[in-house]
Amino acid sequence: MLKNFQMDDAARNQMIAEIKRYFHEERGEELGDLAAMLILDFFASKLAPHFYNKAIQDGHEFMSLRLEDIFELNK
1 MLKNFQMDDA ARNQMIAEIK RYFHEERGEE LGDLAAMLIL DFFASKLAPH
51 FYNKAIQDGH EFMSLRLEDI FELNK
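In full-length UniProt numbering, the protein residues as written are 1 to 75.
Below, the structure is given as structure tokens:
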């Protein structure tokens, strides 16, 4: 699992803007930059590892199936 999730400033700023937009459009709430950053940090530290692990698991399953297909061609 990825321990320290890092993102560049442009990606981080875009995600913060998306969080602020979501809260404004869906909840009618105006968030400041600090509140949006704290929400992003929460998602990155608490939820992102679960998505990351699921993506690794799915990729492993996909590659395993493709390798089985390749080995079948050798028979």
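Just so you know, even glycine gets a beta-carbon here, dropped at the ideal spot from N, CA and C.
This structure is a prediction, so every number in the text was calculated from the model and none was measured.
Just so you know, the alpha carbons of residue 56 and residue 11 end up roughly 22 Å apart.
With 16 or more other Cβ atoms from the protein chains shown falling within 10 Å of its own Cβ, residue 36 counts as buried. Taking a C-beta distance under 8 Å as the contact criterion, residue 23 and residue 31 qualify as a contact pair. The three-state reading of DSSP puts residue 7 in coil, since its state is none of H, G, I, E or B. In this chain, the alpha helix (DSSP H) harbouring residue 59 covers 48 to 73.
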